[in-house]
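Protein chains in written order, with my numbering: chain C, -3 to 133; chain P, -3 to 133. All C-beta atoms in this analysis are idealised placements derived from N, C-alpha and C, irrespective of residue type, glycine included. Here the structure is a predicted model, which means the values were calculated and not measured.
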C-alpha cells in the first residue's frame, strides 16, 4: 500500500488515457455502438469474459463476442460504480443490466481489468464475475 | 459473457480453492496475523500494491510489505464486499479501514486480483486502487 503511480505529470497523463479508454468502452455498451466498441480495442487485443473461459483474440473474434452477446436481441445498460486508473492498467467496477427482448433478463455485477496501450486502445481485458454476481430480473 | 468455468466438478474444486485462498488472505489482515499472511503466498509469489508500482517478489519482500504497512502501529479492518472465483483466479472487492495509532486514518476501497496455485497459495496478486478510492477518516 505504497504510493500510486499517478503522482507525476507523465503518470497522470497515462492514467487519464487509461480512464478514457474505459469510459469509451462503457459508452459503447450504453449506446449500443458496435463500431465504437471495436474501435476501443487494439487490432490484436485479447479479451476474456469471464476469466477462466477461452480468450477472444483479435478484433475479429471480439466482434464475434459482441455479436453473440446481441444475437438474441438483448439490450445492455451499464452503470459504472468506479473506474480506477493504475498506470496503464484500469479497473472498471460496474453493473450490467441485460434485458431479454421477451422480458426478464439479469443484473451482472462485474469487474473488468484492462491494459491500455499508448494509442489509447485496450490491449487486453479480463472480466471477473461468477454465478454469485448474477441476479435474475 | 459466456459460461463460467465453475460448471464441472473439477472446475468447482479449483474455484473453491481460489475462494479459500482469498478468504485466508482477508482473515490474516483481520486477525493481524503476519505468519498466516505470509503462509497464504507461495515462496516465489509476486505482489503489486497498487498496480503501477514496483512488485514485491518472493515471501521475504512480501514480509517487508507487511512490516512497512504495520510500522506506524496502524491497524487494519477489512470488510469484504465480494469474492469472485474464476478458475484459478480470484477477485476480492473490499474496503480496508486503516486506523492510525494517534487517531484518524483512511478507508480504502480496493479490488485485488489473485492467481492461486495448486497448493492453494497465491502465486501472484495485484491490488487496484487510486486516490479516488481513498477517504480520510
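In the structure shown, the three-state DSSP call for residue 120 (chain P) is strand. Residue 64 (chain P) counts as exposed, since fewer than 16 other C-beta atoms from the protein chains shown sit within 10 angstroms of its C-beta.
When secondary structure is reduced to three states using DSSP, residue 67 (chain P) falls in the coil class, being assigned neither helix nor strand. By the rule that beta-carbons nearer than 8 Å mark a contact, residue 21 (chain C) does not touch chain P. Across the set C:96, C:41, C:5, the C-alpha of C:41 shows the shortest separation from the C-alpha of residue 116 (chain C). Burial state of residue 69 (chain C) is exposed, judged by a 10 Å Cβ sphere holding fewer than 16 other Cβ atoms. Taking the Cα positions, residue 18 (chain P) is about 20 Å away from residue 3 (chain P).
Of all residues in the region 110 to 126 of chain P, only 122, 123, 124, 125, 126 place a beta-carbon less than 9 Å from a beta-carbon of chain C. Close partners of residue 89 (chain C) in chain P (Cβ separation under 8 Å): 89, 107. Apart from the 5 residues on each side of it in sequence, residue 88 (chain C) sits with its Cβ closer than 6 Å to the Cβ of 18, 79, 108 in its chain, given in chain order.
Sixteen is the threshold: since fewer than 16 other Cβ atoms of the shown chains lie within 10 Å of the Cβ of residue 5 (chain C), the residue is exposed.
If you check the CB distance, residue 110 (chain P) and residue 73 (chain P) do not come in under 8 Å.
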